[in-house]
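Below is one structure; the comments refer to it alone.
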Amino acid sequence: MRKLTFPALAAYCFLLTSCNNSATVASASDNSKVQRNLDAQHTVVRALESGNPAGIDSVVAEDFVDHTDHGDVKGRDSLKAMVKMMADNKNKMKMETKNEVADENFVYSWMHFSGNSDGSMGMPPGPYDMSSIEVSRLNDGKIVEHWTFMDMQEMGKMMQQMQGMNQMQGMKDMNIDSSKKKNK
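The sequence shown maps to residues 111 to 294 in my numbering.
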């Protein structure tokens, strides 16, 4: 029995060592794809921060799809238009990447946004401080799809602010309507 234990243990250790080496080789090639995906995500974040869409063509596919709460927005030019709209917004948004995870196909970024909205970007006017998870799917180093997932509490607060704005607008409309009736 002892004669078989040592060779079996040696064979098992050899097997473990060879498996670890092949995994290291595989992950080294994976790392270059992962880094390329992270670099693509960082290029888009820099464009959004700076308002300069110059690098977008090199990292975003022409048939890019942004899955938004208003439906799918298609085309790389839609992302460039968003970069321009954000640059034109007088109150610059501050963006911070809290953490990110990537693999060969996806980049997940936990982002923190703060600033002061003028009400033109689908948010109520005034200061904001929110977080989201930004998910990008990549193919051959180019972003082909994007999703945003908001913190539910922060989204609830924004919705309450929006409802308050809608109620105030409704009251203004009622005042306008009642003044029209008085003039008749």
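We put the beta carbon where it would ideally sit given N, CA and C, even for glycine.
Item to check | Short Cβ contact (9 Å threshold) for F297 with E206 | outcome: Summary: the structure shown does not reach residue 297, with the chain confined to residues 111 through 294, and so no result is reported for it.
Item to check | Selected residue, minimal CA-CA separation from Y167, among H152, V155 and D187 | outcome: Reading off the sequence, residue 167 comes out as Asp, not Tyr. Measuring from the Cα of D167, the nearest candidate turns out to be D187.
Next on the checklist: Tell me which residues share the same chain as M233 and place their Cβ nearer than 6 Å to its Cβ, disregarding the 5 neighbours each side in the sequence.
Outcome noted: S227
Checklist entry - Over what stretch of residues does the alpha helix (DSSP H) that includes S168 continue unbroken? => result I166 to V169
Next on the checklist: Which residue marks the beginning of the beta strand (DSSP E) containing S241, and which one marks its end?
Outcome noted: G236 to N249
Next on the checklist: Does the region 172–181 come into contact with the region 254–261, if we say contact requires no fewer than three beta-carbon pairs (one atom in each stretch) closer than 8 Å?
Outcome noted: yes
Next on the checklist: Which same chain residues end up closer than 6 Å to M260 when comparing Cβ atoms and leaving out the 5 residues on each side of it in sequence?
Outcome noted: S242
Next on the checklist: Tell me the DSSP secondary structure of H221 in three-state form.
Outcome noted: This sequence places Met at residue 221; His is not what is there. In this structure, M221 counts as strand in the three-state DSSP scheme.
Checklist entry - Hey, out of V170, V169 and L189, whose CA is closest to T178's CA? => result L189
Next on the checklist: On the DSSP letters alone, give me the boundaries of the beta strand (DSSP E) that D182 sits inside.
Outcome noted: G181 to K184
Item to check | Among N162, N215, P163 and L158, nearest to N141 - alpha-carbon criterion | outcome: N215
Next on the checklist: Pull the bridge partners of S227 from the DSSP assignment, please.
Outcome noted: G236
Checklist entry - Is it right to say A191 is buried, meaning 16 or more other beta carbons lie within 10 angstroms of its own, or is it exposed? => result exposed
Checklist entry - Helix, strand or coil: which one does DSSP assign to K202? => result coil
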